[in-house]
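Report on the structure given below.
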Amino acid sequence: MLRYILKRILLIIPVVIGITFFIYIVLALAPGDPVSLMLGSDATSEQLAAMRHQLGMDQNVIVRYLLYMKTVLSGDFCTSWLNGRPVFNEFLQRIPHTFALAVNSLIITIVFGLSMGIFAAARQNTPVDNITLVFALVFSSIPTFWCGLMFQIVFALKLGWLPSMGVGSIRHMILPALTLSMISLAGQVRMTRSSMLDVINMDYIRTARAKGASEFRVIMRHAVRNGLLPVVTNLGILFANAFGGAIVTETVFAIPGIGVYMINAAKARDVPIVMGVIIFVAIIVAVINLLTDLIYAFIDPRVKMGYMS
Amino acid sequence: MDDFKEHATDRGAQSQFGSIIFRFKKNKLAVFGFFFLAALALIVLTAPLYLDYSKAIRQNISQQFQSPSWKHPFGTDVFGRDLLARVIYGGRISLFAGLGVVLCDLSFGMLLGGVAGYFGGRVDQIIMRFTDIFMAVPSILLALAVVTALGEGTFNLIIALMIATVPRTSRIVRSSILTLRNQEFIEAAKCYGTSNARIIIKHILPNSIGPVVVTATLSLGSAILNIAALGFLGVGISPPTPEWGTILADNRQNILYYPYLGIIPGLAIGLSVMCVNFIGDGLRDALDPKMKK
């Protein structure tokens with residue numbers, strides 16, 4: 003088991019190197035000059051050249067990438083080109099907001115997704131089942147940012163129940179988390195339903211029914227336990243989606259998370275910030291994926307045996 | 555009439571394609587989605603024939619914030635531009651860039667996934683490691699980084715979203731080919747000495763097309779959503795070019811007082827994605843071999 007975990011952690015390294023290299027090259031080869039963007043239009047050519055030299059921009063892209071990675075490996079994530087603030091500190095300040103948003107939306111997705119999915123599966127091919135599926139499909143078609151805007155208008159501005167933007171309290175979190183959960187809710191419902199349907203026709207379910215167990219007990223005790231196994235594997239993907247969607251949601255609700263940080267940096271070609279965010283997010287996503295795989299192994303004895311041997 | 559229906563059922567049962575169409579037609583939502591989307595595509599595609607592009611971009615402050623009326627069915631925005639014209643011309647970018655993303659995604663995804671799945675071994679390993687790399691960060695984040703680097707424009711937008719989606723598509727194609735590869739009819743074809751190319755074209759592709767078509771349809775929906783999201787974030791399409799996401803971003807400050815400015819572009823995105831999803835759903839049921847019996 004330990005060897006497996008170690009192997010997985012080692013596999014994260016080439017992936018992070020690959021994605022950072024790609025992004026670095028794309029950013030470097032892109033048209034437009036970030037240095038003149040930084041110094042403004044009235045900078046002299048000497049100033050530009052000096053700045054370029056200071057940032058190491060007069061060197062080959064590959065050399066620059068290697069130098070950057072060397073700095074990163076020594077624990078220094080460089081400073082922003084635009085405001086000179088250290089990327090790492092800023093990231094640490096912002097990540098709790100994004101993390102809280104992603105986790106809360108995940109909780110909403112899972113609670114509603116599972117209950118709707120189980121409910122639909124238990125009433126397979128009835129109008130209830132069909133309506134749930136159509137609803138899920140409709141929900142997955144709504145753009146997140148639009149949903150967020152409509153929530154703001156209805157619940158914050160018209161009804162005045164909740165604050166419309168910013169951070170600070172649990173109440174601030176409700177609308178953004180609901181908005182973000184809309185992305186994955188439909189997929190969660192469908193997935194739960196189909197994996198429940200896979201087990202619902204199994205022999206042991208029929209046995210449970212034959213024993214005279216109540217329908218509620220059959221579903222909750224026998225079917226759900228096994229039917230939800232595949233759902234656990236999906237957690238990693240859900241989390242990554244929530245992280246990606248957080249970019250848009252943060253913009254709508256003015257949450258000072260890493261999404262807003264990334265967008266502003268990308269627009270200004272602030273390479274150290276973009277690179278830093280990509281590295282952090284890649285590592286976070288990889289670790290979450292590893293954790294879900296481990297949880298999966300932990301709750302499914304069959305998989306656990308596979309790792310042991 | 556009854557005779558005719560029975561005949562149709564019989565024919566549906568005979569040919570593969572006919573039976574797919576037959577099952578698809580039974581899904582009312584999917585058929586509705588298909589016709590609605592077709593009508594929308596027609597309206598948007600033929601726009602230059604009946605609507606002047608300048609109406610969508612020329613500013614006319616004296617006409618700002620006109621509520622929907624006969625003259626401006628969707629009202630006007632803060633710059634006095636006709637919202638209907640903007641939504642129609644915006645649809646050209648949103649829908650057709652979406653289609654472009656899916657086509658690129660599909661061709662590269664099928665190529666990479668097909669090669670990886672069919673040949674296996676080292677090639678497969680290398681391709682899969684590459685997909686790992688590009689799936690390391692959420693696709694919208696990757697697309698955002700690439701599109702800001704490449705600069706604005708529909709073409710760059712398509713490239714950025716393609717880079718973000720090809721890895722997933724290759725994986726789906728690969729896994730559907732892996733299940734096919736070891737089947738007996740492929741082995742039989744190999745025994746006859748059939749060339750690799752012929753096996754791929756004649757045997758593998760037709761059998762793996764089902765899941766791929768479904769994936770493609772559903773990814774059209776997410777492509778439209780992603781384009782709109784990037785537009786809303788202010789990357790990809792530069793103003794004053796209309797695009798559904800940017801229309802919403804432009805009007806963001808005024809939505810509270812003029813709700814139609816927010817509701818209409820949102821509905822345009824939501825309805826078209828919904829139709830695409832209905833079609834994808836119908837296709838999934840129609841193509842699923844398990845449903846055949």
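First to last, the sequence lines map onto chains A and B.
This note's numbering numbers the first residue of the first sequence as 3 and each following residue consecutively.
This note's numbering numbers the first residue of the second sequence as 555 and each following residue consecutively.
Beta carbons are placed, not taken as given, at the ideal position from N, Cα and C, and that holds for glycine.
Assigned secondary structure, residue i (DSSP; H/G/I helix, E/B strand, else coil)
i: residue 835 of chain B; result: helix
i: residue 16 of chain A; result: helix
i: residue 659 of chain B; result: helix
i: residue 795 of chain B; result: coil
i: residue 804 of chain B; result: helix
i: residue 630 of chain B; result: strand
i: residue 561 of chain B; result: Residue confidence is low: residue 561 of chain B scores 48 on pLDDT, short of 50, so the model does not pin down where it sits. No coordinate-derived value is stated.
i: residue 258 of chain A; result: coil
i: residue 81 of chain A; result: strand
i: residue 44 of chain A; result: coil
i: residue 145 of chain A; result: coil
i: residue 636 of chain B; result: strand
i: residue 505 of chain B; result: Residue 505 of chain B falls outside the range modelled here, since chain B spans only 555 to 847, and no answer is possible.
i: residue 760 of chain B; result: helix
i: residue 88 of chain A; result: strand
i: residue 736 of chain B; result: coil
i: residue 193 of chain A; result: helix
i: residue 213 of chain A; result: coil
i: residue 22 of chain A; result: helix
i: residue 236 of chain A; result: coil
i: residue 724 of chain B; result: helix
i: residue 169 of chain A; result: coil
i: residue 689 of chain B; result: coil
i: residue 779 of chain B; result: helix
i: residue 642 of chain B; result: helix
i: residue 76 of chain A; result: coil
i: residue 846 of chain B; result: Note that residue 846 of chain B has pLDDT 42, beneath the 50 cutoff, so the model's placement of it is unreliable and no number is given.
For residue i, the nearest candidate out of the options (CA to CA)
i: residue 118 of chain A; options: A/196, A/63, A/266, A/102; result: A/196
i: residue 165 of chain A; options: A/256, A/112, A/77; result: A/256
i: residue 770 of chain B; options: B/604, B/724, B/630; result: B/724
i: residue 152 of chain A; options: B/838, B/817, B/654, B/584; result: B/817
i: residue 698 of chain B; options: B/657, B/672, B/780; result: B/780
i: residue 136 of chain A; options: A/191, A/106, A/281; result: A/191
i: residue 13 of chain A; options: B/686, B/588, B/841, B/733; result: B/686
i: residue 202 of chain A; options: A/163, A/116, A/174, A/120; result: A/120
i: residue 267 of chain A; options: A/241, A/87, A/109, A/289; result: A/87
i: residue 682 of chain B; options: B/584, B/581, B/726, B/785; result: B/726
i: residue 28 of chain A; options: B/737, B/728, B/582, B/696; result: B/696
i: residue 593 of chain B; options: B/768, B/569, B/645; result: B/645
i: residue 236 of chain A; options: A/37, A/116, A/21; result: A/116
i: residue 714 of chain B; options: B/732, B/658, B/637; result: B/658
Buried versus exposed, by CB contacts within 10 Å (16 or more), residue i
i: residue 560 of chain B; result: At residue 560 of chain B the pLDDT is 47, less than 50, meaning the model places this residue with poor confidence and gives no usable figure here.
i: residue 143 of chain A; result: buried
i: residue 651 of chain B; result: buried
i: residue 838 of chain B; result: buried
i: residue 154 of chain A; result: buried
i: residue 139 of chain A; result: buried
i: residue 300 of chain A; result: exposed
i: residue 92 of chain A; result: buried
i: residue 643 of chain B; result: buried
i: residue 205 of chain A; result: exposed
i: residue 655 of chain B; result: buried
i: residue 263 of chain A; result: buried
i: residue 186 of chain A; result: buried
i: residue 782 of chain B; result: buried
Whole-number beta carbon distance between residue j and residue i, since they are thought to touch under 8 angstroms
i: residue 701 of chain B; j: residue 790 of chain B; result: 5 angstroms
i: residue 302 of chain A; j: residue 84 of chain A; result: 49 angstroms between Cβ atoms; not a contact.
i: residue 784 of chain B; j: residue 830 of chain B; result: About 18 angstroms; that fails the 8 angstroms criterion.
i: residue 258 of chain A; j: residue 99 of chain A; result: 6 angstroms
i: residue 79 of chain A; j: residue 89 of chain A; result: 4 angstroms
i: residue 693 of chain B; j: residue 246 of chain A; result: 6 angstroms
i: residue 250 of chain A; j: residue 786 of chain B; result: 7 angstroms
i: residue 764 of chain B; j: residue 841 of chain B; result: 4 angstroms
Cross-chain neighbours of residue i in chain E, by beta carbon under 8 angstroms
i: residue 674 of chain B; result: No chain E appears in this structure, whose protein chains are A and B.
**Asked** How do the stretch 802 to 810 of chain B and the stretch 148 to 156 of chain A stand: do at least 3 beta-carbon pairs fall below 8 angstroms, yes or no?
**Response** yes
**Item:** Stretch pair the stretch 175 to 185 of chain A + the stretch 93 to 105 of chain A: three plus CB contacts closer than 8 angstroms
**Value:** yes
**Prompt:** Using 8 angstroms as the threshold, is the stretch 604 to 621 of chain B in touch with the stretch 733 to 748 of chain B, meaning 3 or more CB pairs across them?
**Reply:** no
**Prompt:** Are three or more beta carbon pairs between the stretch 610 to 624 of chain B and the stretch 745 to 757 of chain B nearer than 8 angstroms?
**Reply:** no
**Message:** Check whether the stretch 45 to 59 of chain A and the stretch 284 to 293 of chain A touch, using three or more Cβ-Cβ pairs below 8 angstroms as the test.
**Reply:** no
**Message:** Three Cβ pairs or more, each shorter than 8 angstroms: is that satisfied between the stretch 230 to 247 of chain A and the stretch 59 to 76 of chain A?
**Reply:** no
**Request:** State whether the stretch 662 to 672 of chain B contacts the stretch 709 to 724 of chain B, with contact taken as three or more CB pairs (one from each stretch) at a distance under 8 angstroms.
**Result:** yes
**Request:** Specify whether the stretch 673 to 681 of chain B and the stretch 703 to 720 of chain B touch according to this definition: at least 3 beta carbon pairs, one from each stretch, less than 8 angstroms apart.
**Result:** no
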